[in-house]
Amino acid sequence: MFSTVVVALAIAGHAESAMDHLQLLQQKMVLAPEKRWKRLRAAEPLNWIHFPKCGSSLLNVIIHMPGFCPVLDNVTMSAEIQGPCFLNTWLPQACQQQCNTDYFFCGRPHHPVGNYSGQGGHLVGMFRDPDQRILSGYHDKLPFAGPINTSDYIKTIVEGDCDLEELARAMSLPKRPIHEFAESWKGGMTYQLLAPADEQAMDPNRRKMTREDAVEAARRVTEGFAFVGITEEWDLSMCLFHKTFGGACRASDFANTRPTFSGKSAHTDYDTSELMGWHDDIDEVVYTAALKVFHKNLILLNVSHDTCQECYRSAGRGGLA
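All residue numbers for the sequence shown refer to our numbering, where the first residue is 5 and numbers rise by one.
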């Protein structure tokens, strides 16, 4: 009789524990949207720090957030639709008319952080392995690696003046030696995190970054970014963005809007042997910090391929793992 009572109590206790666990999960589900809303409100206006070749596609995630750019709700921004300079012409020209600037800061393409004390907590961005970023820039269809005397032309493109005939001419020119190009892009993420707002990240004559610069830039990544994504982990990054700020996952979140070449994606790496041992040891400091923030937030918000299945299905990517 006693053992029967003990078993019954144990079963009842287990059932009560399971019910408590279920109620806790339900409470978390109710609170999650509110927490996302609060995080989004605190981060607005989102200031997208777009490091070259780290993922123009993040723009679509941002503009499709509820209320950000309502007239673009059914528009996917891409080079295929808007042309090769779509980002460089849209941001400085149409963004302020089409988007709510209380929610999204319409800066210049690849603009530096500038006044960090006023931007901390509003910054969002994708980070990429430095050597992969440089190789992607070197092989890009746009003439980033063209002769040094085309650098002024590249700056005009970045500022929003895109002459397609001149672009075609520049694209036909031979590339610089890869090491010369790599040195000009070395520390580019670090520079963009530290430079004044009126400087241009694509200027090949910008000042060189030091290890001390990289340490300060890494601190800003750790302390000042409301969202840190990793280009090599694009799918998890998109899910993390929505787990952080809310909004529905869409197919356009996962589209490569400006591939370096046809078929290229964030899931395929360049062969770094092309660099013959050269390495960007400056931006490596920044990238390492970004990885730490990214993985910490995955754990904090319980983001994994398993927990992101609903996001993937909403975007038409069911079964992704």
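Even for Gly, the Cβ is constructed at its ideal location relative to N, Cα and C. All figures in this text were calculated on a predicted structure; none of them were measured in a lab.
Cβ neighbours of residue i in the same chain (closer than 8 Å, five flanking residues each side left out)
i      : result
SER7   : Model confidence at SER7 stands at a pLDDT of 48, short of 50, so the residue's coordinates are unreliable and nothing is read from them.
HIS114 : HIS54, PHE55, PRO56, VAL162, GLN196, GLN204, ALA205 and MET206
CYS103 : ILE67, PHE72, CYS73, LEU76 and CYS110
Residue i burial status per 10 Å Cβ neighbour count (16 or more: buried)
i      : result
ALA255 : exposed
CYS315 : buried
ALA218 : buried
GLY129 : buried
ASP202 : exposed
ILE303 : exposed
THR363 : Only positions 5 to 325 of the chain appear in the structure, and residue 363 is not among them; the question remains open.
ASN119 : exposed
MET280 : exposed
GLY59  : buried
ASN64  : buried
THR105 : exposed
PRO116 : buried
ASP285 : exposed
For residue i: DSSP bridge partner residues
i      : result
LEU50  : PHE108
VAL75  : The partner list for VAL75 (beta bridge, DSSP) is empty, contrary to what the question assumes.
GLY118 : Looking at the DSSP assignment, GLY118 forms no beta bridge with any residue, so it has no partner.
ILE234 : PHE131
PHE249 : The partner list for PHE249 (beta bridge, DSSP) is empty, contrary to what the question assumes.
PHE229 : LEU127
Alpha-carbon spacing of residue i relative to residue j, whole angstroms
i      : j      : result
TYR274 : MET81  : 25 Å
TRP94  : GLN86  : 9 Å
VAL225 : TYR291 : 9 Å
LYS247 : PHE90  : 28 Å
ALA36  : ALA47  : 17 Å
SER61  : ALA259 : 7 Å
PHE131 : ARG173 : 31 Å
PRO88  : GLU236 : 23 Å
GLY150 : PRO134 : 20 Å
PHE148 : MET175 : 9 Å
TYR107 : LEU44  : 9 Å
SER308 : LEU240 : 7 Å
THR311 : LEU168 : 44 Å
MET213 : ILE138 : 15 Å
PHE249 : PRO49  : 12 Å
GLY215 : ASN78  : This sequence places Arg at residue 215; Gly is not what is there. When rounded, the distance between both Cα atoms is 44 Å.
CYS243 : CYS253 : 7 Å
GLY320 : GLN313 : 10 Å
ARG210 : ASN306 : 40 Å
MET193 : GLU220 : 12 Å
GLU84  : PRO96  : 20 Å
ASN92  : GLN100 : 14 Å
LEU198 : SER121 : 11 Å
PHE245 : TRP238 : 10 Å
ARG317 : PRO208 : 43 Å
GLU200 : ASN51  : A small correction: the amino acid at residue 200 is Pro; Glu does not occupy that position in the sequence shown. Whole-angstrom Cα-Cα distance: 15 Å.
THR276 : LEU146 : 20 Å
LYS300 : ALA98  : 36 Å
LYS296 : ARG112 : 28 Å
6 Å Cβ shell around residue i - same chain, five flanking residues per side excluded
i      : result
ILE67  : CYS73 and LEU76
LYS268 : Low per-residue confidence applies at LYS268: pLDDT is 43, beneath 50, and the placement is therefore not dependable, though the value from the model is reported in the following sentence. Cβ neighbours of LYS268 beyond the five flanking positions: none.
LEU177 : GLY150 and PRO151
PHE298 : VAL232 and ILE234
MET69  : GLY251
PHE229 : LEU127
GLY124 : GLY228
GLU288 : PRO134
Residues of its chain near residue i, where Cβ-Cβ distance is below 7 Å and the 5 sequence neighbours each way are ignored
i      : result
ALA293 : ALA222, VAL225 and THR226
GLN136 : ASP273 and TYR274
TRP282 : HIS183 and ALA186
GLU278 : LEU139 and ILE182
ASP257 : ASN64, VAL65, MET242 and ALA319
CYS166 : CYS89, ASN92 and THR93
I'd like to know if the stretch 177-192 and the stretch 36-46 are in contact, where contact means that at least 3 CB-CB pairs between them fall below 8 Å. Judged by Cβ distances under 8 Å, the stretch 177-192 makes no contact with the stretch 36-46, as fewer than three pairs qualify.
For the structure I just gave you, are there three or more beta carbon pairs, one from the stretch 138-154 and one from the stretch 172-187, closer than 8 Å? Taking a cut-off of 8 Å on C-beta distances, the stretch 138-154 touches the stretch 172-187, as three or more cross pairs fall below it.
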